[in-house]
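Before any comments, here is the structure.
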Amino acid sequence: MKDVMGIISLNENSDVLNNITNHRPLASVPFGGRYRIIDFVLSNMVNSGIQNVGVLTRYKHRSLIDHLRSGKDWDLDRKRDGLFIFPPENINNPAELYNGVMQNLYNNIDYIYKSRQKYVLVSGSDIIYNLNYRQVFDFHKQMKADITMIYKEINNINKLHSCSFITKMKNTRILDMEVNSCCSKSSKMCLEAYIMDKSLLIDIVNSCVSRGYIDFIKDGIVKNISILNVIGYQHTGYVAKINSIESYYQHSMDLLKTDIWKELFFKPGLVYTKVKDGAATKYTKDSVVRNSLIANGCIIEGTVKNSILFRGVRVDRGACIKNSIVMQKSVIEKNAVLENVITDKEVCITAGKILRGDKNYPLVIEKKKVI
Amino acid sequence: MKDVMGIISLNENSDVLNNITNHRPLASVPFGGRYRIIDFVLSNMVNSGIQNVGVLTRYKHRSLIDHLRSGKDWDLDRKRDGLFIFPPENINNPAELYNGVMQNLYNNIDYIYKSRQKYVLVSGSDIIYNLNYRQVFDFHKQMKADITMIYKEINNINKLHSCSFITKMKNTRILDMEVNSCCSKSSKMCLEAYIMDKSLLIDIVNSCVSRGYIDFIKDGIVKNISILNVIGYQHTGYVAKINSIESYYQHSMDLLKTDIWKELFFKPGLVYTKVKDGAATKYTKDSVVRNSLIANGCIIEGTVKNSILFRGVRVDRGACIKNSIVMQKSVIEKNAVLENVITDKEVCITAGKILRGDKNYPLVIEKKKVI
Amino acid sequence: MKLMRKKEFVAMLLAGGQGSRLGILTKKIAKPAVPFGGKYRIIDFTLSNCYNSGIDTVGVLTQYQPLELNSYIGIGRAWDLDRKNGGVSLLPPFVREKGGEWYKGTANAIYQNVSFINQYNPKFVLILSGDHIYKMDYSKMLQFHKDKESEATIAVIEVPWKEAHRFGILIPDENGRIIEFEEKPVNPKSNYASMGVYIFNWNVLKDYLEKDENDPNSSNDFGKDIIPKMLQENVRMYAYSFRGYWKDVGTVESLWEANMDLLGEKPQLDLYDYNWPIYSVTPTQPPQFISETAEINCSLVSEGCMIFGRVEHSVLFFGVHVGKNSIVKDSIVMPSVKIGRNAVIEKCIICENAVVEDNCQIGAAACNSKGITVVGDSLRVPAGQKIPAGMVIGSEQLVKRS
Amino acid sequence: MKLMRKKEFVAMLLAGGQGSRLGILTKKIAKPAVPFGGKYRIIDFTLSNCYNSGIDTVGVLTQYQPLELNSYIGIGRAWDLDRKNGGVSLLPPFVREKGGEWYKGTANAIYQNVSFINQYNPKFVLILSGDHIYKMDYSKMLQFHKDKESEATIAVIEVPWKEAHRFGILIPDENGRIIEFEEKPVNPKSNYASMGVYIFNWNVLKDYLEKDENDPNSSNDFGKDIIPKMLQENVRMYAYSFRGYWKDVGTVESLWEANMDLLGEKPQLDLYDYNWPIYSVTPTQPPQFISETAEINCSLVSEGCMIFGRVEHSVLFFGVHVGKNSIVKDSIVMPSVKIGRNAVIEKCIICENAVVEDNCQIGAAACNSKGITVVGDSLRVPAGQKIPAGMVIGSEQLVKRS
């Protein structure tokens, strides 16, 4: 996989998670007790042996730069290649003419062109799964594909919007697709990860832009689907597409199932993230914890059930947290009660406060709020 | 100096160096054979013992991010503090309301507020000098100053535009200033470096912004000059203000004077930059080099006089370079002649070509051009 | 080729000891590399103290089984000690033109590295050992050393009188100047015990190291030779009194106790203090998974653990698995240990990668014998096995812990 | 606590030798740390070969004066070998439960680190030495090793017949299989010399290392013991023929020659090839300053130099100062050397930080004697001194180089 360059394009809609994406792109939203959403696709790439990754950003990328820094935590702080973050750079084209991926690729085409790798793996950043791309790459070469895209058979398609779907396939070849259809009847969700020759990618971007076409999938791929050998690779593991507070909450809660916890964090590869120092989590004589995911550095004196606690959370005596997600360094004081709540980082719920959301509409508390 | 936070604000006008600043901010323009302009003020800070530096950027900062990366080359890749790069981040204020420094400070006031240091050293990035700020800081405390700014007594003020000048001083206290005056009669050029309490800085920014004042020096400092104890610290060493192609060229040529070479690169501290690998420079039997500054990795078979060669430049047999600046990885082929020329990176001057600029108006060749 | 700049203060950390009283815990690793407190190794405390005290130049003297320690420390990144000038240097014994010599004693180890210290031309040298658990600001001790115009300062801690005979005991006068020193006295005259933390003026120490090296009868040890000699020759020596938690974890019992000390309501050693963080190398592990059937009280549990059983008053390191209906009590369970179902573990130290299969009973619960039970690393305890308290199981063999 | 993943291929780099034939050049540093080629140290070539060949796990065995080498290598960042899994590990001799042992020979050094290699459970082990100058793609040699189904492959280079008696000489059959090996034969039967680069199947090598260790008559050396033994017992051994520049820089003459080899029009060893860069630790130095009065030809000059005099057919490292009217010819001038005015330096090696004052005449120019003159590090040659060719000046003393 040394011959494949990874490109992560932060193409998501910016405000899908309300307050949580106010100050950060979706890619750097905390997830799973100690990660950011981008960690998963980035770790997939690293575990597959990709050594050159470009992250193409759009808006509000300060938190992302702070998270990724030099790429050291992903072993991508290299002398040649490694991790590169591309801020929006639009000197000659100040207007945003193209959609998501296309705009990002177009802005940074010189960097892509210059890279030493022959192949590219272009991926979005808002879908979470654990997969070794080496298999996909082998499949790509074996099938002599022009483009290989990864998809997942899903059952419950009603909840999914702003996704791409494969609507027509013959064996492994893809014949038609739908983008952002709100009423797709297909069950083959596209994971927004494409392997192709670098030269083909540059071709697609250049020929689209010179014709004024604006969408990477609709214009770049679907319009060429008859002349290109576009192949689908089926991923059978767990997939979490984050496109709303509800999906964020549901997929977080999925981690409390042992099988999904094991798969997403261990199989086939480990997930890397920015290292933080913090002691082991302390349980006191009064603590009651059941069916929960707990990061390091917490001090738990109260009750935690069916919940996820990020690093350094304090749960004081008598406090009770149920079906909730509590992000880094939040403090839940004495006898406070949280149910179906998501708190952002460094929130403080003062003694005795009771907050309840609904299972299908969790209550979201903004960063650093004291309630 | 552990209690001082460094802030480098990329407040310069963006296109002062024509083609050379087309693709990069002035701060990352190559200078002195192997450096970028920002290396000097950054190294000053590191050599003074400052361990927390924020770089506030505006436009086109991709090359800057690539240059600074994690800050490792400046020993600023730290667990606590270290180097932070702040891209323009303007979610709630999409319009650029304020001038240079003020806008940068205002955008990142939360980060400044959060830092552990009690003092700040705010600096621009387009003035080159070698100074240990520890002396300035000691002076600041000794004088019980509210703000200490560094200035330099200069002789030839005609050439300086877009500078701030101190127009009235009583002993060390500053009583009046002029900003961007094109016909200032003062000889005290302000080096755009200010030491003050962090809380005072935050006060100034907040009170200016809340009143709609837009300029850090005019509104923030000059309007308060009677109520604040603003002190001047005189720097007696060499100073290079880069604000035009002419000043860039002249100050580069200054480096060919032994004294200035020694002062700027060694005294009081060394200048750090991004490490690149490359062999020692090779001189062949035909090479003639006089009065020049040569970086590593060059192969010189021709003649080089009164010039600066950056890393990895190739000068073929019979080629002749005079009074010129040749940036990284450029190739000057057989019998080509350059006089009063500045080439950007990776330029190729093909065999036999003759290029001549004027001493007061050097010819500038754009990045990657083949001529 | 390296430009060294002068440093006022250089720390030398003695990390070469075997720690033989820890038995199989130090069979393959040096004592400073022994895991502690759910996510640390013993040496993390001293290295973090250095960083938090503002010391940026630390020589780590290794000798016994250094491989794991070397790769753990690396260039000191975890403790922010990867500096352009200074930082961490690993100092193993080495061969000179005239042949090689192992470190004979603590003083000899420093003596062999005189040229390393001279590079920095320091005024003061701080001597530390890598096998104590404590949080201490060495910069305050240095200030004391300067204020007293001391030439040698020894950090002391008050120990219970009845234990004083186990320590090196200092007798200071009313100004703190040391007037007498007794190594493990039968009838101690004070309860100020040396913590093994020394600050010397480098020029003074260098002299004494050379004299000591030329003395064929010396055992080349700080406590036994250098300090008594200095005292005898009227070097200005002061005792710096330290208050706070300090523990020598040189035996299985003291290591176990120091771990258990962390589990109280308000332990003396606070691991959650943001102003004095203890740094360590963090492995890649997901958050711990606490199942519906788990019960955890009075314990430290680290990332990557999966808990289905009951954990009580115990310390669990990274990636420990506790099966359904199993009980872990008063125990230390080191990284990646797997414990099956229906097992009972009481007052045990289970070393890295060991596997305890279903229905095992290990430690106090199993019979009437007493003491701490130790299971060696990577061992497999077969299903249903009962192991009485106070045993050591290393290399498939059951032995009584001496 | 560290999760090791399997590696197919692990490199072990022998860097413990004193290199006593280099005399005062290796008084304070190990041979692999000797400066070379204007900005490198000898070991840079082997480490860069590893990185450029795609090897990411390298054990560096040190023993003699390792301090400078240790701090130079660090965690291998300069060669991109600071990896989460694998990377560079420094392997000094160490003390085990039963006491410590220095490395007795090349084979014994590997034997003592069997457990280090076993961690990665590799299929192949590459043995290298840190004192040769060459650029070689080890991955091609590995492919050859696999293609031939070899169990032990030795890289060989054709040397001039008249020099063959100085090397270990291999006699291969027409398929490349080695049928005979002679250590420094008086009448060599071939001119294929061993380069000291071996690939072994790890399981085969492990066997032989153990056997060798149990043989009390063995000198525990690859060339003298392991290879002959393998040959005797019919292990499948092949010779991998290498073409290109290769030089053992074990003597002052060969070190000088290898440096001079770089100064030709098209040197065989290309340091400017972007596809096979030689990495090194780069100090902080400004560009070199070439004055109006300077003349430089056929030379390598590095950053930080200030040249006012004449430099001809020489190699100048970082920060060298050559005064007005001085002449430096056919010489190697190591980092931070200061040469005054009107001095003449001919066919010399001037070591780090030495100072040559005005009007000195050092080397061939001064009289009729022959050979290379060496000035030891940090020495000061007082003004006007004349030093005849072939001398060594170490520690203020003039001696004839043997």
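Chains A, B, C and D, in that order, give the protein sequences.
Note that the working numbering gives residue 1088 to position 61 of the first sequence, counting from 1, and the numbers run on in steps of one.
Note that the working numbering gives residue 1383 to position 356 of the second sequence, counting from 1, and the numbers run on in steps of one.
Note that the working numbering gives residue 429 to position 402 of the third sequence, counting from 1, and the numbers run on in steps of one.
Note that the working numbering gives residue 150 to position 123 of the fourth sequence, counting from 1, and the numbers run on in steps of one.
Here a beta-carbon is modelled for each residue, glycine too, at the ideal position from N, C-alpha and C.
(request) Return the residues of the stretch 1304 to 1327 of chain B that lie within a Cβ-Cβ distance of less than 9 angstroms from chain D, sorted by chain order. (result) 1304, 1305, 1306, 1307, 1308, 1309, 1310, 1311, 1312, 1313, 1314, 1315, 1316, 1317, 1318, 1319, 1320, 1321, 1322, 1323, 1324, 1326, 1327
(message) Can you confirm whether residue 138 of chain C, when its beta carbon is compared against all beta carbons of chain D, has any partner nearer than 7 angstroms?
(response) Taking Cβ atoms only, chain D never reaches closer than 7 angstroms to residue 138 of chain C, which makes this a no.
(message) Using only the alpha-carbon positions, how far apart do residue 337 of chain D and residue 154 of chain C sit?
(response) 50 angstroms
(request) Say yes only if the C-beta of residue 99 of chain D is nearer than 6 angstroms to one or more non-hydrogen atoms of the ligand FMN, and no if none qualify. (result) Judged by which ligands are present, the structure shown has none, so any question about the ligand FMN falls away.
(message) In this structure, how does DSSP classify residue 53 of chain D when only helix, strand and coil are distinguished?
(response) helix
(request) Would you give the residue range spanned by the alpha helix (DSSP H) that residue 1261 of chain A belongs to? (result) Careful: residue 1261 of chain A lies outside any alpha helix (DSSP H), inside the beta strand (DSSP E) at 1257 to 1261.
(message) Below 8 angstroms, how does it come out for the stretch 264 to 271 of chain D and the stretch 167 to 180 of chain D: are there three or more Cβ pairs, yes or no?
(response) Short answer: they touch.
(message) Just checking: is the beta-carbon of residue 1238 of chain A within a distance shorter than 7 angstroms of some beta-carbon in chain B?
(response) no
(request) Note down, in chain order, every chain D residue with its Cβ under 7 angstroms from the Cβ of residue 1299 of chain B. (result) 311
(request) Using a Cβ-Cβ cut-off of less than 7 angstroms, list which residues of the stretch 121 to 151 of chain D approach chain C; keep chain order. (result) Per Cβ criterion, the list reads 121, 122, 123, 124, 127, 129, 143.
(request) Answer with buried or exposed for residue 1254 of chain A, where buried requires no fewer than 16 other C-beta atoms within 10 angstroms of its C-beta. (result) exposed
(message) Which runs of the beta strand (DSSP E) at least 3 residues long sit entirely within the stretch 143 to 173 of chain C? Give them in chain order.
(response) 151 to 156, 159 to 161
(request) For chain D, find out if any of its Cβ atoms is closer than 7 angstroms to the Cβ of residue 1329 of chain B; answer yes or no. (result) no
(request) State the DSSP-derived secondary structure class of residue 278 of chain D, mapped to helix, strand or coil. (result) coil
(request) Just tell me which of D:317, D:142, D:197 has its CA closest to the CA of residue 237 of chain D. (result) D:142
(request) Classify residue 1107 of chain A as buried or exposed, calling it buried when 16 or more other Cβ atoms lie within 10 Å of its own Cβ. (result) Residue 1107 of chain A should be labelled exposed.
(request) Determine the direct distance from the alpha carbon of residue 1136 of chain B to that of residue 1201 of chain B, and round the result to whole angstroms. (result) 26 angstroms
(request) Verify the CB distance criterion: does residue 1060 of chain B have a CB-CB separation below 7 angstroms to chain D? (result) yes
(message) Given this structure, state the Cα-to-Cα distance separating residue 370 of chain C from residue 147 of chain C, to the nearest angstrom.
(response) 56 angstroms
(message) I need the straight-line Cα distance from residue 1304 of chain B to residue 72 of chain D, nearest angstrom please.
(response) The straight-line gap from Cα to Cα measures roughly 13 angstroms.
(request) In angstroms with no decimal places, state the Cα-to-Cα distance between residue 1264 of chain A and residue 1369 of chain A. (result) 26 angstroms
(message) Using C-beta distances below 6 angstroms, list every residue in its chain close to residue 1131 of chain A, excluding the 5 sequence neighbours before and after it, in chain order.
(response) Excluding positions up to five away in sequence, the list reads 1036, 1083.
(request) Below 6 angstroms CB to CB, which residues in the same chain sit around residue 412 of chain C once its five sequence neighbours on both sides are set aside? (result) 387
(request) Can you say whether residue 188 of chain D is buried or exposed, counting buried as having 16 or more other CB atoms within 10 angstroms of its CB? (result) exposed
(message) Can you pull the chain C neighbours of residue 1102 of chain B, defined as C-beta to C-beta under 7 angstroms?
(response) 110, 111
(request) Return no unless some Cβ of chain C is closer than 7 angstroms to the Cβ of residue 1302 of chain A. (result) yes
(message) Could you compute how far the alpha carbon of residue 54 of chain C sits from the alpha carbon of residue 89 of chain C?
(response) In a straight line, the C-alpha of residue 54 of chain C is about 15 angstroms away from that of residue 89 of chain C.
(request) Indicate whether residue 133 of chain C and residue 232 of chain C have their beta-carbon atoms separated by less than 7 angstroms. (result) In this structure, residue 133 of chain C lies away from residue 232 of chain C, with their beta-carbon atoms at least 7 angstroms apart.
(message) Quick check: what's the CA-CA separation for residue 1396 of chain A versus residue 1373 of chain A?
(response) 7 angstroms
(message) Can you look up residue 1198 of chain A in the DSSP assignment and give me helix, strand or coil?
(response) Residue state for residue 1198 of chain A is assigned as coil, using DSSP reduced to three classes.
(message) Which residues does DSSP list as the beta-bridge partners of residue 299 of chain C?
(response) Partner(s): none; residue 299 of chain C has no beta bridge.
(message) Taking 7 angstroms as the threshold (C-beta atoms), are residue 1166 of chain B and residue 1260 of chain B in contact?
(response) yes
(message) Under DSSP, the beta strand (DSSP E) around residue 72 of chain D begins and ends at which residues?
(response) Residue range 70 to 79 is occupied by the alpha helix (DSSP H) that includes residue 72 of chain D, with no beta strand (DSSP E) assigned at that position.
(message) Among D:212, D:322, D:312, whose alpha-carbon lies nearest the alpha-carbon of residue 1322 of chain B?
(response) D:312
(message) Measuring CB atoms only, is the stretch 1332 to 1346 of chain B touching the stretch 1303 to 1319 of chain B, in the sense that at least three cross pairs come out at less than 8 angstroms?
(response) Contact between the stretch 1332 to 1346 of chain B and the stretch 1303 to 1319 of chain B is present, because at least three Cβ pairs lie under 8 angstroms.
(request) Please list, in chain order, all residues of the same chain as residue 1269 of chain A whose beta carbon is under 8 angstroms from its beta carbon, the five residues on each side excluded. (result) 1043, 1044, 1053, 1056, 1058, 1064, 1153, 1154, 1155, 1275, 1278
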